[in-house]
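Worksheet: the structure to be examined is printed underneath.
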Amino acid sequence: MGGFLVVLSPFNLMLMLVGILLGVIIGVLPGLGGANGVAILLPLTFSMSPTSAIIMLSCIYWGALFGGAITSILFNIPGEPWSVATTFDGHPMARKGRADEALTAAFTSSFVGALVAVLVITFLAPLVAKFALKFGPAEFFAVQFLTFASFIGMGKGSPFKTLASMTLGFALASVGLDSVTGQLRMTFGTAELLTGFKFLVAVIGLFGIGEILGSMETGLAFTGAHARLRLNAVLETWKKLPQYWMTSLRSCIIGCWMGITPGGATPASFMSYGLAKRFSKDGHKFGTGQIEGVIAPETGAHAAGTSALLPMLTLGIPGSPTAAVLLGGLLIWGLQPGPLLFIEQKDFVWGLIASMYLGNIVGLVIVLTCVPLFAAILRVPFSIIAPVIMVICAVGAYTINNAMFDVWMMGVFGVIGYLFNKLKYPLPPMVLALVLGDMAESSFRQSMLLSQGDLSIFWSNGLVGTIFGLGVILLFWPVISWLMGMARQGKTA
Amino acid sequence: MSGHDGDTDNSPRLVSVRTMDIVVALVLIAAAGVVITDSLRLGVRWRPIEGPAAGYFPFYIGLILALSSAVTLIRAVMDKPAGGQTFVTKKAFGQVLAVLIPLIVYIVVLGFIGIYVASAIYIALFMWHFGKYPLTKGAPIGIAISLVLFLMFEVWFLVPLPKGPLEEMLGY
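Sequence lines, in order, name chains G and X.
Every letter in the first sequence is one number past the one before it in this note's numbering, and letter 2, counting from 1, is 76.
Every letter in the second sequence is one number past the one before it in this note's numbering, and letter 146, counting from 1, is 220.
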C-alpha cells in the first residue's frame, strides 16, 4: 500500500482539502455539478503532476457528491440529479425540525456507500485489469458496445431518444482529423473544426448553461430550513444507523452494480429508494420523513459515483459523465487508461485509490462541521449566483484550449442541453459517446482489419462472444420486455 | 429538474412538447444527412490495406441517428395535436430569452473587450435586471469577481484569459 505514502505528502493533503471544499460548493450551487465542475477546473491542473491533479479532481467529485445532499434536505432543491431521491424524505425531515438527523444520516450513508465501493475497487480492479490484458481490439469494441447498449437497455424513457442522443455524440466525436487515414471529416473547410469538438466544452455547456436556462423558467427562489448540526444529534443518529444495515447493504450492491455498468449515480439512487420502500416495514410512511428514505438513495448514489471509476481505470470506459471527464484528464496528462495503467503507472493508480479512502474520510469531517457555511452560500440570491456561474462556465470553456470558438460552442451546447432536458433526451449517453467515440471507432476498425472485414470476429471466441451477446440482449431489452408484456397480457385476457 | 411551469405560471402556452419533438427530430435528421453526405464523400466501403474507409463508421452512425429520429418524429406526428403537454409558456420563454440573449451578447463582446471587463458588466446588469439590485450594488460585486478571476488565472495559475484594451493599458 505504497499509495498512502504518495497521498500523505503535505502538498497532496492540501490539494485534497481544497478539492473537497470546492467540490461541496460546486455540489451546492445549481448549474455546477460534478461533471462540469471538474471540466472547468481541469485546465488549472495542467501544470501539476498527474497524481496530484487526479487527487484534487477526484476530491472535487467526492465533495460534489456530498454537497448534493445539503441542498436536497435543507431547501428541497437537488443540487445534483442524483440527490433528487434524497429530497423525498430528507426535506420532510428537515421541515419537522430533524434536519440535523437527516444530514447526518445522509453524510454517513454517503460515506459508507463510497467506502464499500472503494473496497470493491481495491480488490476487484487489479483482477479486472489483469483479465483485460488479454483483450484484443475485438474484445474492447465488444465492451464498448456493451456500455452503450446498456444505456438503451436500462434507460428510462424512449429508447429512440437515447439512441439519437448517443449517435449525435458519436457523430460529433468523428468530426476532425481521422486518426487512421489522416483525412478530414466534416470540417467543411473550417480551421476551428480541425481538432474536432472538445467534449469538455460540451459538458460545460450541456450541464451548466443548459441547467441555468432551465431553472430560469421558474425563477428559482431559495426558501429553506436553517441548519445547525449539534454534536449530540450527530451521535444520536449514529446510534440509530446500524439498525438499517440491510437497507445500506442493498443500496451498496445496487450502487456498485449501477456504477460499474454505466447506469450512473442517478438511477442508482432512485432504484435504492424504490427497493427500500418496497422492503421496509414502514414502506407506506416513505415520503413523510423516514430516515431510511435518506439512507437508501445516498448510499446508492455514492457507491455508484465511486465505483464508476473502476471501469474507467481498468478498461478505459467511464461509468458516468464525471468519470468521463476524469478520463479526458488522464488522456491530456498523457496517461492511457486501461489495463496497462496498473503495470506502468502503479504510483498513480494506488495514489488515486488511497486518495479515495482518505478523501472520503476528510470529506465526511468537512461536511459535518461546515454545514452552516455551505447553507449560507445558498442564501445568496439566484440573480447573483446565476451570472457568476455563467462567467465561470465561459472561463472554463475558454481555458480548455484558449479558443474563443470553444466559448461559442459552449453556448450552442447550452441550448442543446436545455432542449434535450425538456424533451427527455438523456445527456450522459451523448457525453460518453463524445469521449469514447474515437476509441470505439478505432477498436472497431482494428478488429475489422484483423478479420479482413469479417463481422464474425465478434463471436469468434467465448470471451468476445459473451460480452457481445450480453450487449445485443441489452440493446434489444426494450423490445424483449415489450414482447414479454404482450405475452403476459395475452394470457390474462 | 426543469419543466415545472404549471404551478405559478398561467400565461398562455407558446409551444407544445409535440411540436418541439417534431422540430428537434427534424433537426437531428438534417444533422444525420450532413454526416451521411460527408461520409459518402470519404468513402464508406472496404479498402484494400486500409480496411474500412474513413467514412465507414460515421456513415452507419448517421444512419442510426436518422432512423431513430425518424421514429421519434413519426411518434410525435401521430400524437393528437390538441391538448398534450406544454413545452414552454410565453412567460417562461421570455425568461429564458432574457438570459440567453445577454449571454450571446456577453460571448460576442468578451472577444473584443476582454473577459474581465465583460464579466463585470454582465454580472452587474444581470443583477440589475433579474434581482432589481441598483447598479451601485451590482457593479462592486461584478468588479470584485472579475478581480478574483484575474488573480486566480493570470497571477497564480498563469493561465491567460482573453484580454482587451483595459488590461493592455494596465500593462498586461
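Ideal Cβ placement from N, Cα and C applies to all residues, glycine included.
Simplified DSSP assignment, three categories, for residue i
i: G:THR248; result: Note that residue 248 of chain G is Ser in the sequence shown, not Thr. Correct three-state label for G:SER248: coil.
i: G:ARG519; result: helix
i: G:TRP407; result: coil
i: G:THR297; result: Bear in mind that the predicted position of G:THR297 carries a pLDDT of just 49, short of 50, making it too unreliable to give a figure here.
i: X:PRO126; result: strand
i: G:LYS496; result: helix
i: G:ILE547; result: helix
i: G:GLU310; result: helix
i: G:LEU438; result: helix
i: X:TYR207; result: coil
i: X:LEU100; result: helix
i: G:ILE100; result: helix
i: X:ARG149; result: helix
i: X:ASP112; result: helix
i: G:PRO124; result: helix
i: G:LYS355; result: coil
i: G:LEU87; result: helix
i: G:GLN364; result: coil
i: G:ILE391; result: coil
i: G:PRO117; result: helix
i: G:ASN535; result: coil
i: G:ALA477; result: coil
Local Cβ density within 10 Å of residue i, reported as buried at 16 or more and exposed below that
i: G:THR362; result: exposed
i: X:ARG92; result: buried
i: G:THR297; result: Annotation note: pLDDT 49 at G:THR297 (below 50); position unreliable, coordinate value reported separately. Exposed.
i: G:ASN495; result: buried
i: G:PRO411; result: buried
i: G:SER555; result: exposed
i: X:ILE159; result: The question names Ile, yet the displayed sequence has Gln at residue 159 of chain X. The residue in question, X:GLN159, is exposed, as its Cβ has fewer than 16 Cβ neighbours within 10 Å.
i: X:LEU240; result: exposed
i: G:PHE353; result: exposed
i: X:GLY129; result: buried
i: G:LYS272; result: buried
i: G:SER126; result: buried
i: X:VAL222; result: exposed
i: G:PHE85; result: exposed
i: X:THR210; result: exposed
i: G:GLN218; result: buried
i: X:ARG119; result: exposed
i: G:HIS165; result: buried
i: G:ALA216; result: buried
i: G:GLY367; result: buried
Beta bridge counterpart(s) of residue i as assigned by DSSP
i: X:ARG87; result: X:THR163
i: G:LEU258; result: G:LEU251
i: X:LYS237; result: X:GLY188
i: G:TRP424; result: G:TRP424 is not bridged to any residue.
i: X:TRP120; result: X:PRO126
Beta-carbon separation (whole angstroms), residue i vs residue j, contact threshold 8 Å
i: G:ALA188; j: G:ILE147; result: Not confirmed; about 18 Å, so no contact.
i: X:PHE199; j: X:PRO214; result: Residue identity differs from the one stated: residue 199 of chain X is Leu in this sequence, not Phe. The Cβ separation is near 14 Å, so there is no contact.
i: G:VAL158; j: G:SER381; result: Actually they are not in contact, since the Cβ atoms of G:VAL158 and G:SER381 sit about 20 Å apart, beyond 8 Å.
i: G:THR373; j: G:CYS326; result: 6 Å
i: G:LEU287; j: X:VAL173; result: 6 Å
i: X:PHE167; j: X:SER90; result: So it is not a contact: roughly 13 Å between Cβ atoms.
i: G:LEU115; j: G:ILE463; result: Not confirmed; about 14 Å, so no contact.
i: X:GLY107; j: G:ALA245; result: About 11 Å; that fails the 8 Å criterion.
i: G:VAL156; j: G:ALA375; result: The identity of residue 156 of chain G in the sequence shown is Trp, whereas the question assumes Val. Between G:ALA375 and G:TRP156 the Cβ distance is about 4 Å, and since that is below 8 Å, they are a contact.
i: G:VAL98; j: G:PHE448; result: 6 Å
i: G:THR473; j: G:ALA109; result: Not confirmed; about 16 Å, so no contact.
i: G:MET522; j: X:PRO126; result: 5 Å
i: X:ILE189; j: G:ALA468; result: 7 Å
i: G:ILE226; j: G:GLY433; result: Not a contact, Cβ separation roughly 33 Å.
i: G:ALA168; j: G:ALA180; result: Going by Cβ atoms, the distance from G:ALA168 to G:ALA180 rounds to 11 Å, so no, they are not a contact pair.
i: G:MET290; j: X:GLN169; result: 5 Å
Would you say the segment 226-246 of chain X touches the segment 506-519 of chain G, given that touching needs at least three Cβ pairs under 8 Å?
-> No contact exists between the segment 226-246 of chain X and the segment 506-519 of chain G.
Segment contact, 8 Å Cβ cut-off, at least three pairs: the segment 192-210 of chain X with the segment 445-464 of chain G = Contact between the segment 192-210 of chain X and the segment 445-464 of chain G is present, because at least three Cβ pairs lie under 8 Å.
Give a yes or no on contact between the segment 208-217 of chain G and the segment 339-349 of chain G, applying the rule of three or more CB pairs nearer than 8 Å.
-> The segment 208-217 of chain G is not in contact with the segment 339-349 of chain G.
State whether the segment 261-280 of chain G contacts the segment 442-449 of chain G, with contact taken as three or more CB pairs (one from each stretch) at a distance under 8 Å.
-> They do not touch, by the three-pair rule.
Does the segment 228-248 of chain G come close enough to the segment 390-406 of chain G that 3 or more CB-CB pairs lie under 8 Å?
-> Counting Cβ pairs under 8 Å, fewer than three are found: no touch.
Do the segment 306-323 of chain G and the segment 512-520 of chain G touch if we need at least three Cβ pairs shorter than 8 Å?
-> At 8 Å Cβ cutoff, the stretches do not touch.
Counting Cβ pairs, one atom from each stretch, are 3 or more of them under 8 Å apart for the segment 416-435 of chain G and the segment 197-205 of chain G?
-> Output reads yes: the segment 197-205 of chain G touches the segment 416-435 of chain G.
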